[in-house]
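K.L.:
A single structure is presented below for examination.
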Amino acid sequence: MATHAPIHAHAAPQGFIRKYVFSLDHKVIGVQYYFLALVAVFVGMFLSLLMRIHLIWPTASIPFFGDIKPETYLTLLTMHGTIMVFFVLTTAPQSGFGNYFLPIQIGAPDMAFPVLNMLSFWTTFVAFVVMIAAFFVTGGAPLHGWTGYAPLSALPSAGPGEQLGADLWITSIAIFCVASLMGALNFITTILDLRAKGMKLMRMPLTCWAWFVTAILGLLAFGVLLSAGILLLLDRNLGTSFYVPLVVVNGQIMGHKGGSPLLWQHLFWFFGHPEVYIAILPGMGVASQLLSTFSRKPIFGYRAMVYAILAIGILGFVVWGHHMFMSGMSPYSAFAFSVMTMAIGVPSAIKTFNWLGTMYRGRIRFQSPMLYAIGFVSLFVSGGLSGPFLAQPTLDIQLHDTYFVVGHFHLIMGVAAIFGMFAGTAYWFPKMFGRMMNETWARVHFFITLAGTYAIFMPMHYLGMAGQTRRYSQFTEVAYQTKLIPLQTFMTYAAFVTIGAQLIFVINLFWSMKKGAKAGDNPWESTTLEWTIPSPPPHDNFGGHIPVVNHGPYEYSVPGAPRDYVMQTDPPMAGVHPS
Amino acid sequence: MGLALLALIWLITFVSTYFFVAKTWWLLPGASALAPIIDRQFNTTYIIMGVVFVAAQVSLGLFAWMYRDRGTATKVNYSHGNTTMEIVWTSLTAVLFIGLNLVGSPIWAAERFAPAAPDSVKVEVTGMQFAWYFRYPGKDEKYGATDPKLMDPSSGNEAAIGLDTSDAASKDDVVTGTMFIPVNRQVDLTLKAVDVIHSFFVPAFRFKQDAVPGLAIHMHFTPTALGDYEIACAELCGLGHYKMHGMVKVVSQADFDSWLAAREAEKQ
Chain Z
720 MATHAPIHAH
730 AAPQGFIRKY
740 VFSLDHKVIG
750 VQYYFLALVA
760 VFVGMFLSLL
770 MRIHLIWPTA
780 SIPFFGDIKP
790 ETYLTLLTMH
800 GTIMVFFVLT
810 TAPQSGFGNY
820 FLPIQIGAPD
830 MAFPVLNMLS
840 FWTTFVAFVV
850 MIAAFFVTGG
860 APLHGWTGYA
870 PLSALPSAGP
880 GEQLGADLWI
890 TSIAIFCVAS
900 LMGALNFITT
910 ILDLRAKGMK
920 LMRMPLTCWA
930 WFVTAILGLL
940 AFGVLLSAGI
950 LLLLDRNLGT
960 SFYVPLVVVN
970 GQIMGHKGGS
980 PLLWQHLFWF
990 FGHPEVYIAI
1000 LPGMGVASQL
1010 LSTFSRKPIF
1020 GYRAMVYAIL
1030 AIGILGFVVW
1040 GHHMFMSGMS
1050 PYSAFAFSVM
1060 TMAIGVPSAI
1070 KTFNWLGTMY
1080 RGRIRFQSPM
1090 LYAIGFVSLF
1100 VSGGLSGPFL
1110 AQPTLDIQLH
1120 DTYFVVGHFH
1130 LIMGVAAIFG
1140 MFAGTAYWFP
1150 KMFGRMMNET
1160 WARVHFFITL
1170 AGTYAIFMPM
1180 HYLGMAGQTR
1190 RYSQFTEVAY
1200 QTKLIPLQTF
1210 MTYAAFVTIG
1220 AQLIFVINLF
1230 WSMKKGAKAG
1240 DNPWESTTLE
1250 WTIPSPPPHD
1260 NFGGHIPVVN
1270 HGPYEYSVPG
1280 APRDYVMQTD
1290 PPMAGVHPS
Chain S
353 MGLALLALIW
363 LITFVSTYFF
373 VAKTWWLLPG
383 ASALAPIIDR
393 QFNTTYIIMG
403 VVFVAAQVSL
413 GLFAWMYRDR
423 GTATKVNYSH
433 GNTTMEIVWT
443 SLTAVLFIGL
453 NLVGSPIWAA
463 ERFAPAAPDS
473 VKVEVTGMQF
483 AWYFRYPGKD
493 EKYGATDPKL
503 MDPSSGNEAA
513 IGLDTSDAAS
523 KDDVVTGTMF
533 IPVNRQVDLT
543 LKAVDVIHSF
553 FVPAFRFKQD
563 AVPGLAIHMH
573 FTPTALGDYE
583 IACAELCGLG
593 HYKMHGMVKV
603 VSQADFDSWL
613 AAREAEKQ
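Okay, structure coming up:
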């Protein structure tokens, strides 16, 4: 609600370059982020397919790719994790959907800093190019895992891919951090300063709350990762010893002394744990929005939902040590970290209860956005409930660095977050492109994908309990692990089917952009501001006038109201819950 | 559509739960003093989480079907929530989660907060790409000096960890590639790594600890059953991570003594 001349106002550009490439329009930038993530997710998924094939047929030769050696497997694993975490899970839910819909949902014509917004996208793009370049340099991409633990990541002689490929990997992440910091500043400023008249904080859709808290997490976390990455580059190239003590690799003394390998882990996880919430909070926001909309019922416990998001944001910064119970850090600190970690389960449980409470005694419409949102809740519950195992150091002794962990984080920050993106895509596609997605194919895609992801990731919990260690390229060397190969085989077949089904989604996406049925302004009969304007929205969103907000975001089935929904901009009305 | 959703969610729930309950794939049989205690905590957690898992998924499926849009027949409850219920489930979850954690914490303390018993067997574990070495201090109960300049992994054992034979305390040190320990006696471990981080994981002992370059980490545990147990490296350490495998042989005290004596004799 700035009183000075708004710096975010800018005229609609005319040329192709300024309109679609170096655009200042938050909607174009949002779409750019979305498609960058779409490319990245297919790269990441292809890498996981190669991994699944190698695990079952270690000697198989892949057409156009060649043999997968154990070190190739570790390269695939590193790049799969990095690309998915940074360029998919961080990029699409926050920078993609957030950029597009945050300004519209709060009634602003654009983000607070459009030029910064454009810069942050193109910086992310450069980071992605640098990351992909790591595949093509001498020695190939690094093999140190997405967590890049030093000294493995700090010593070029510690393995293949640890030379130029590792430098590019770190550089890419550093560039990505800079981009994310720019994005975070922009989101926070926009929410604090550009809300329309009547859009009180406690009237914001829960999606906006999620993007807001995610941006704060990003602002505090990416700066630390950036510093950590720079120190790692210095260790690798300028002979410093932040992370490396005196070590001997294959009989050769390296020139380092006095550094601490645990320092990297502390810095990395200080970023890494909030990053989990950066990935999942926007999905929680979308799920809340959709469960209310399609149950035709106000969200259960709006305030509790807001407080839960805030609690998750705050607690998210004091739990990083639960990744390090086995690292050699003080066993006393494990107590503190585990209590805080168990505590963060509480707001997560509150959210789940409230989602069920929202559906309870509603009138549920099973359009595809709702299916994905229900899928999100199911996956969130399944992935969340393995958390209290890992949060207890006593049980983590057995489960740490096994497939149990892999199953846990794939369900919750991987697939649940991706279901959040599917839900967001299905829900907002008509607004973004003015056409509807094909409903039948969306449903087919939903059912195969939900069943398929469970078939891939649920067995990982069994494997982990049986002691199957992660990041093993073959299971032939450890006798008790060879017995688990049949289950791994099942998972590979499930992965084939599930990955194949993603073609349905992407074909539906592009087909519907051209051929889908025309969408009206408000095809889902939703209440938030984006549904008051044309599909797709004009350049300045609200056609020069700024909306006035009179109601909370989730007023469905208000007794006595003319329709079963009251839009946020509808005139004040008797019988509507005050907010 | 509601019914299809219910069917799928319930199917996933029951199939997943079946394999947990049937223990088709499960923890390896425990063989250390702490294993049964850890397993009990595991079971408690798993029953609580299992009940919550089934309850949440079953209600999700059920709600989807029960409250499907049936036109005018469906009456929506215009409600914004219920503060009492929020307080109830918040406190319940807090007590349950944090309580579970507190119950488990003495187990964590057992191997970590107190030093090993004086009569324990001392073994130093060294991880390097991609092998484990085990050092016994000999009669003097002292580990001799090692020197990074002397490390020669291709020669194995004493040479691999760079044992400095000019140190008097080194004379009776024994280094092996397989770990021998006597049954029912506490083992006082010192964990080290020479190049990158490795992790000493023996699933049957419910034991795992990273070995970190620059640190000497002390841990102790007590094996309780004779037999051979596998060690699997549990921290990504490079291209040979998957084959950084080792064996622990738990033998009787008499067998242990004669094995160590033979190894000492071999060295002279």
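Sequences listed follow chains Z and S, in order.
Numbered according to the working numbering, the first sequence spans residues 720 to 1298.
Numbered according to the working numbering, the second sequence spans residues 353 to 620.
A virtual CB, placed ideally from N, CA and C, is assigned to each residue, including glycine.
Interface residues of chain S around HIS1164 (chain Z) at Cβ under 9 Å?
P.N.:
Those within 9 Å of HIS1164 (chain Z) in chain S number zero; the least Cβ separation is about 14 Å.
K.L.:
Which class does PHE449 (chain S) belong to by DSSP, given the choice of helix, strand or coil?
P.N.:
helix
K.L.:
So, with DSSP's three-state summary, where would you put SER1254 (chain Z)?
P.N.:
coil
K.L.:
Just to confirm the assignment: which complete alpha helix (DSSP H) runs, minimum length 4, are found wholly within the segment 837-917 of chain Z?
P.N.:
883-912
K.L.:
Report buried or exposed for ILE736 (chain Z), applying the criterion of at least 16 other Cβ atoms within 10 angstroms of its Cβ.
P.N.:
exposed
K.L.:
Quick one: list the residues of chain S neighbouring MET1061 (chain Z), beta-carbon separation under 8 Å, in chain order.
P.N.:
Think of a sphere of 8 Å around the beta carbon of MET1061 (chain Z): the chain S residues whose beta carbon falls inside it are PHE449, ILE450, LEU452, ASN453, in chain order.
K.L.:
Figure out for me which residue from S:HIS570, S:CYS585, S:GLU616, S:ARG537 has the closest Cα to the Cα of GLN605 (chain S).
P.N.:
S:ARG537
K.L.:
Can you find the residues in the same chain that come closer than 7 Å, C-beta to C-beta, to GLU463 (chain S), ignoring five residues on each side of it along the sequence?
P.N.:
LEU386, MET571, HIS572, PHE573
K.L.:
Below 8 Å, how does it come out for the segment 1278-1286 of chain Z and the segment 1174-1190 of chain Z: are there three or more Cβ pairs, yes or no?
P.N.:
No, because fewer than three Cβ pairs between the segment 1278-1286 of chain Z and the segment 1174-1190 of chain Z fall closer than 8 Å, the two stretches do not touch.
K.L.:
What residues of chain S sit near GLU790 (chain Z), judged by a beta carbon separation below 7 Å?
P.N.:
Within 7 Å Cβ-Cβ: LEU591.
K.L.:
Check whether the segment 948-967 of chain Z and the segment 913-933 of chain Z are in contact - that is, three or more C-beta pairs closer than 8 Å.
P.N.:
no
K.L.:
Rounded to whole angstroms, what is the Cα-Cα separation between PRO732 (chain Z) and THR426 (chain S)?
P.N.:
49 Å
K.L.:
Pick helix, strand or coil for ASP492 (chain S), following the three-state DSSP scheme.
P.N.:
coil
K.L.:
Select from the segment 1104-1123 of chain Z all residues with a C-beta closer than 8 Å to any C-beta belonging to chain S, and list them in chain order.
P.N.:
LEU1104, SER1105, PRO1107, PHE1108, ALA1110, GLN1111, PRO1112, THR1113, LEU1114, ILE1116, GLN1117, HIS1119, ASP1120, THR1121
K.L.:
Can you tell me which residues form a DSSP beta bridge with TYR1275 (chain Z)?
P.N.:
Z:TYR1284
K.L.:
With distances taken Cα to Cα, identify the nearest neighbour of ASN453 (chain S) among S:THR397, S:ALA374, S:THR442.
P.N.:
Closest by alpha carbon: S:THR397.
K.L.:
What does CYS585 (chain S) pair with, by DSSP beta-bridge criteria?
P.N.:
S:PHE552
K.L.:
Around the Cβ of ASN395 (chain S), are there at least 16 other Cβ atoms within 10 angstroms (buried) or fewer (exposed)?
P.N.:
exposed
K.L.:
Which residues in chain S sit within 7 Å of ALA1053 (chain Z), going by Cβ to Cβ distance?
P.N.:
TRP460
K.L.:
Under 8 Å, Cβ to Cβ, is there at least one residue of chain Z near GLU616 (chain S)?
P.N.:
no
K.L.:
Closest by CA to LEU874 (chain Z), which one among S:VAL548, S:SER384, S:ALA617?
P.N.:
S:VAL548
K.L.:
Sort Z:ASP786, Z:MET1078, Z:GLN1086, Z:GLY1133 by Cα distance to PHE1099 (chain Z) and report the nearest one.
P.N.:
Checked all of Z:ASP786, Z:MET1078, Z:GLN1086, Z:GLY1133; the closest Cα to PHE1099 (chain Z) is Z:GLY1133.
K.L.:
One question on the structure: do ILE361 (chain S) and THR1113 (chain Z) come within less than 8 Å of each other, judged by their Cβ atoms?
P.N.:
The answer is no: Cβ separation not under 8 Å.
K.L.:
Start and end of the beta strand (DSSP E) containing GLY423 (chain S)?
P.N.:
From DSSP, GLY423 (chain S) is part of no beta strand (DSSP E); its letter is neither H nor E.
K.L.:
For SER368 (chain S), which residues in chain Z fall below 8 Å Cβ to Cβ?
P.N.:
Under the 8 Å cutoff, chain Z gives SER1101, TYR1173, MET1177.
K.L.:
Give a yes or no on whether the minimum CB-CB distance between ILE390 (chain S) and chain Z is below 8 Å.
P.N.:
True, the Cβ-Cβ gap to chain Z drops below 8 Å.
K.L.:
Enumerate in chain order the residues of its own chain whose CB-to-CB distance from GLY1081 (chain Z) is below 7 Å, with the five nearest sequence positions on each side excluded.
P.N.:
SER1014, ARG1015, LYS1016
K.L.:
What are the partner residues of VAL967 (chain Z), as DSSP defines its beta bridges?
P.N.:
Z:ILE972
K.L.:
Would you list, in chain order, the members of the segment 568-588 of chain S that have their beta-carbon closer than 7 Å to a beta-carbon of chain Z?
P.N.:
ILE569, GLU582, ALA584, ALA586, GLU587, LEU588
K.L.:
Beta-carbon separation of PRO879 (chain Z) and SER872 (chain Z) under 8 Å?
P.N.:
No; because the gap between Cβ atoms is not below 8 Å, this pair is not in contact.
K.L.:
Check whether the Cβ atoms of ILE1033 (chain Z) and THR809 (chain Z) sit closer than 8 Å, and answer yes or no.
P.N.:
no
K.L.:
Does DSSP classify GLN1008 (chain Z) as helix, strand or coil?
P.N.:
Looking at GLN1008 (chain Z) - three-state DSSP - the assignment turns out to be helix.
K.L.:
Against ARG1084 (chain Z), what residues of chain S qualify as contacts under a CB-to-CB distance less than 7 Å, listed in chain order?
P.N.:
Within chain S, the residues whose beta carbon sits less than 7 Å from that of ARG1084 (chain Z) are ASP421, listed in sequence order.
K.L.:
Comparing the C-beta of MET1322 (chain Z) with each C-beta of chain S, is any distance below 8 Å?
P.N.:
Since the displayed chain Z opens at 720 and closes at 1298, residue 1322 (chain Z) lies outside it and no answer follows.
K.L.:
Hey, is PHE1072 (chain Z)'s beta-carbon within less than 8 Å of any beta-carbon in chain S?
P.N.:
yes
K.L.:
VAL1268 (chain Z) and LYS916 (chain Z) look like a contact to me (Cβ under 8 Å); what is the Cβ gap, rounded to whole Å?
P.N.:
7 Å
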